[in-house]
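Peer 1:
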Amino acid sequence: MSEQDVICSVSDVELSFAGVKALRGVSFDIRGHELFAIIGPNGAGKTSIFNVLSGVYRPQAGDVHFDGASILGERPHRIASRGLARTFQNIELFENLNVVDNLMLGRHHHLGYGWPWAIAWLGRAQRSEIANRRRVEEIIDFLEIEGYRELPVGMLPYGVQKRIELGRALAMEPRLLLLDEPVAGMNGEETEDMARFILDIRDELKIPMILVEHDMGLVMDLADRVMAMDFGTPIALGTPAEVQNHPDVIRAYLGAGDEDPVIEEVS
Amino acid sequence: MTATVTSPRRTTRPPRGRPRLRTAYRQDMALLNTPAKRRSTLLLVLAAFGVPFFFTDDLLLVFTLGLIASVGAIGLNLVTGYAGQVSLGHAFFLGLGAYTAAVLGGDPEGRLIGYGLPMWVWLPAAGIVAAIAGLIVGPIAVRLRGLYLAIVTLGLVFLGEHVFREARTLTGGPGVGRRGPDLELFGIRFSEGGSLFGLGLSRDQQQFFLALVFLIVFAILGRNIARSGVGRAFSAVRDRDVAAAVIGINLTVYKVMAFAMSSFFAGVAGAMYYAVVGVFEPAAFGLLLSIQYLAMVLIGGVATISGSIMGAMFITALPRIAQEIAHLFPVISTSTVGGGIINVFQFEAILYGLLIIGFLIFEPRGLYGIWMRIRNYWKGWPFSY
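Each protein sequence line maps, in turn, to chains A and B. Just so you know, the working numbering puts 138 at position 138 of the first sequence, and the rest follows in order with no gaps. Start counting at 1 in the second sequence, then tack on 1000, and there's your number in the working numbering.
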């Protein structure tokens, strides 16, 4: 796994909002189809990394390479069409649309017909809609959300919405998938379901993933590599076992030992 | 319930005894995807074609204008209902279409500029000129949203009104106005009475048929936009613009496209409307007209094509409804001078306000929402659900 191609590399990224340094010296590579987890206390800058990757924030320094090209400063929709998909910490589905339409929107740049075809609903538009609908149904089948197909997503339970958001990202046929707290607020059963889907995505669909998650059990069980962050700075990077026992990580989560200066936990 | 089965078959006919089982995605995506919808729409269209034979000419004119206004309302619903960009500038685009048509189709020998071009030229041209204006205005929406956008588009109405007032050689100026173009297509003069398909028809009957066909065409185009990737992208921009960008939707392109498409609908509707009205003057394209169209969308149903039509018919008929009510109650005088506590125009304005407030509070989904409730009631009848 570790010797395979690098799909995404982040080097020395710095991001600040006015005086606040949100990210400092963040560097990592994503290789092959690994599951890369980012952990850290609240405010450590995990979601900021996602926003830098997907083009929502523009870092002041550093570089982001995706699929061999620098994507720094590109608009979000361009980055998306390069094959970077993400889910959001707080669900960002189109709540007035039904499940099929939400997933079809994930396939937006696979549609391949322009507005003149759309207005006339001529051959190309129809064929494309049917072909893409078929792919959407495969994802609906994969995520076991058949029963919700025609319902507006705003009406659906939280756990199902999380799953649909994952589906929308999968519908994009991504080359890299960013999952922002996919099991936050879920019960045990829903968490297990989601873990199963994440493993299936890695092992069957072979899509590399970056996972941000607070559920340490899930992260340590699933991830191939883990990066721990604190106050915008990476403090450890390695296998789950290595990171788990790293003194800086323990300090960030549990506070300092007796002889160390006290670091306030941010939460 | 409906079930969708993956099947390579291209049949459009569901199996016997299971009318709601769909065996092809094509059926699911069809405009009228249930037998009930097909039957009721067919019935409605047939009934609409029968309308001219059962109503008097003055009522028919109200219906005709309502049908044409529906096209404008569908346009506004595309940009405001589907794409979520609140526009108070619809009157400007309607005016632009009306004047483009009047100039291109106007009398070449008249006192104002006119080129005497046929309808198949001035009608699309009216749409295209308005759409170009929409393309120019659209980028503003990329920068602004919500109330700020509403204010900027409001400015557009005042700009437009001023230009229309001052460009006297084109518009005739305030208090004078100019004639709309003649409705003549395929050698049939709709502006005059005559015979159509061997039937002796009055002017209003002919215009009604023309407006009905016009609406059917544009309603289908509107539905096509709504059900395609373009319409989905509009809804995505409306619901969550950040998420829309992150899944690959170019916000700039779709906001500008929504304005351009909406303006095209407004342009052709404006051209047709004032061709039927006859003489019109620049004061027609003020803020009130924009508000009326917003009321059509709001009262009809946001982000629905059928709702736009219901709303437009209702709002266009409102002055007439107010008059009929005024006849029933002596407190409302039917003229501005006569007795009574309020006159019919004041009564109409009050009715307007009450309707908008009432719908916003009690049925935000508009007439379409009321229709859905009726439909769902009868679906479950005699049980409550």
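Positions of the beta carbon are idealized from the N, C-alpha and C atoms, including for glycine. Quick caveat: nothing in here was measured; it's all calculated off a predicted structure.
If you pair each beta-carbon of the stretch 1022–1037 of chain B with each one of the stretch 1274–1281 of chain B, do three or more pairs fall below 8 Å?
Peer 2: No contact exists between the stretch 1022–1037 of chain B and the stretch 1274–1281 of chain B.
Peer 1: Who are the near neighbours of histidine 33 of chain A in its chain, counting only those whose CB is closer than 7 Å to its CB and skipping five residues on each side?
Peer 2: Arg202, Lys206, Ile207 and Pro208
Peer 1: Can you pull out the residues from the stretch 1021–1046 of chain B whose beta carbon lies closer than 7 Å to at least one beta carbon of chain A?
Peer 2: Tyr1025, Arg1026 and Met1029
Peer 1: Using CA atoms only, rank isn't needed, just tell me which of A:Thr191, A:Asn98 and A:Val249 is closest to proline 152 of chain A.
Peer 2: A:Asn98
Peer 1: Go through its chain and collect everything with a Cβ distance to methionine 186 of chain A's Cβ below 8 Å, but skip five positions before and after it.
Peer 2: Around methionine 186 of chain A, the same chain offers Tyr158, Gly159, Lys162 and Met194 as residues with beta carbons nearer than 8 Å, after the five sequence neighbours per side are excluded.
Peer 1: Can you name the residues that DSSP bridges to valine 1103 of chain B?
Peer 2: Looking at the DSSP assignment, valine 1103 of chain B forms no beta bridge with any residue, so it has no partner.
Peer 1: With a threshold of 7 Å on Cβ separation, who are the neighbours of leucine 1032 of chain B within its own chain once the five nearest residues in sequence on each side are excluded?
Peer 2: Arg1038 and Thr1041
Peer 1: Assuming contact is defined by CB atoms lying nearer than 8 Å, are glycine 45 of chain A and isoleucine 71 of chain A in contact in what I supplied?
Peer 2: no
Peer 1: If you run the structure through DSSP and keep just helix, strand and coil, what is serine 48 of chain A?
Peer 2: Helix.
Peer 1: Starting from the Cα of glycine 1175 of chain B, find the closest Cα among B:Gly1380, B:Pro1282, B:Tyr1293 and B:Pro1382 and give me that residue.
Peer 2: Ranking B:Gly1380, B:Pro1282, B:Tyr1293 and B:Pro1382 by CA distance to the CA of glycine 1175 of chain B puts B:Pro1282 first.
Peer 1: What's the C-alpha gap between leucine 955 of chain B and serine 1290 of chain B?
Peer 2: This structure cannot speak to residue 955 of chain B, because chain B is shown only from 1001 to 1385.
Peer 1: Would you kindly report the start and end of the unbroken alpha helix (DSSP H) that includes alanine 1130 of chain B?
Peer 2: 1119–1143
Peer 1: Please report whether the beta-carbon of aspartate 1239 of chain B lies at a distance below 8 Å from any beta-carbon of chain A.
Peer 2: yes
Peer 1: For the putative contact between leucine 1104 of chain B and leucine 1117 of chain B, defined by C-beta atoms under 8 Å, what is the C-beta separation to the nearest angstrom?
Peer 2: Taking C-beta atoms under 8 Å as the contact rule, leucine 1104 of chain B and leucine 1117 of chain B qualify, at a distance of about 5 Å.
Peer 1: Determine which residues of the stretch 61–74 of chain A have a Cβ less than 7 Å from any Cβ of chain B, and write them out in chain order.
Peer 2: none
Peer 1: Compile a chain-ordered list of the residues in the stretch 86–113 of chain A whose CB is closer than 8 Å to at least one CB of chain B.
Peer 2: Arg86, Phe88, Glu92, Leu93, Phe94, Glu95, Asn96, Leu97, Asp101, Met104, Leu105, Gly106, His108, His109, Leu111 and Tyr113
Peer 1: Taking 8 Å as the CB-CB cut-off, is alanine 125 of chain A touching chain B?
Peer 2: yes
Peer 1: Excluding the 5 residues flanking arginine 1179 of chain B on each side, which residues of the same chain have their C-beta closer than 6 Å to its C-beta?
Peer 2: Cβ neighbours of arginine 1179 of chain B beyond the five flanking positions: Val1279.
Peer 1: Could you give the C-beta distance for glycine 167 of chain A and leucine 103 of chain A, rounded to a whole number, given that I count them as a contact under 8 Å?
Peer 2: Indeed they touch by this definition, with Cβ atoms about 5 Å apart.
Peer 1: If contact is defined by three or more beta carbon pairs under 8 Å, each pair taking one atom from either stretch, is the stretch 1132–1151 of chain B in contact with the stretch 1243–1258 of chain B?
Peer 2: yes
Peer 1: Helix, strand or coil: which one does DSSP assign to alanine 1024 of chain B?
Peer 2: coil
Peer 1: At the 8 Å Cβ level, is histidine 77 of chain A part of the contact set with chain B, yes or no?
Peer 2: yes
Peer 1: Report yes if the C-beta distance between glycine 1072 of chain B and alanine 1266 of chain B is below 8 Å; otherwise report no.
Peer 2: yes
Peer 1: Taking glutamate 129 of chain A as the query, report the chain B residues whose CB atoms sit under 8 Å from its CB, ordered along the chain.
Peer 2: Tyr1025, Met1029, Ser1228 and Gly1229
Peer 1: Given this structure, state the Cα-to-Cα distance separating arginine 1009 of chain B from serine 128 of chain A, to the nearest angstrom.
Peer 2: The predicted model places arginine 1009 of chain B with a pLDDT of 47, which falls under 50 and marks its position as unreliable; any figure quoted below should be read in that light. Here the C-alpha atom of arginine 1009 of chain B lies approximately 17 Å from the C-alpha atom of serine 128 of chain A.
Peer 1: Please tell me whether alanine 1233 of chain B and glycine 1075 of chain B are closer than 8 Å, where the distance is taken between their beta carbons.
Peer 2: no
Peer 1: Need the endpoints of the beta strand (DSSP E) that isoleucine 38 of chain A sits in, please.
Peer 2: 35–39
Peer 1: Using a beta-carbon distance below 8 Å, is serine 54 of chain A in contact with chain B?
Peer 2: Judged by the 8 Å Cβ criterion, serine 54 of chain A is in contact with chain B.
Peer 1: Can you tell me whether glycine 1177 of chain B is buried or exposed? The criterion is at least 16 other CB atoms within 10 Å of its CB, across all chains shown.
Peer 2: buried
Peer 1: I want to verify the contact list: residues of chain B whose CB lies under 8 Å from the CB of methionine 172 of chain A, in sequence order.
Peer 2: Ile1247 and Gly1248
Peer 1: Would you call the CB atoms of valine 212 of chain A and phenylalanine 28 of chain A closer than 8 Å?
Peer 2: no
Peer 1: In chain order, what residues of the same chain lie with their CB nearer than 6 Å to the CB of glycine 1084 of chain B, ignoring the 5 residues before and after it?
Peer 2: Arg1238
Peer 1: Who pairs with methionine 86 of chain A in a beta bridge, going by DSSP?
Peer 2: At residue 86 of chain A the sequence reads arginine, which differs from the methionine that was named. A:Leu178, per the DSSP bridge assignment.
Peer 1: If you compare alpha carbons, which of B:Phe1049, B:His1090, B:Ile1305 and B:Leu1185 is closest to glycine 1231 of chain B?
Peer 2: B:Ile1305
Peer 1: Which residue from A:Arg78, A:Glu92, A:Tyr148 and A:Ile210 puts its Cα closest to that of serine 9 of chain A?
Peer 2: That would be A:Ile210, whose Cα lies nearest to the Cα of serine 9 of chain A.
Peer 1: Kindly indicate if chain B contains any beta-carbon less than 8 Å away from that of alanine 184 of chain A.
Peer 2: False, the Cβ-Cβ gap to chain B never drops below 8 Å.
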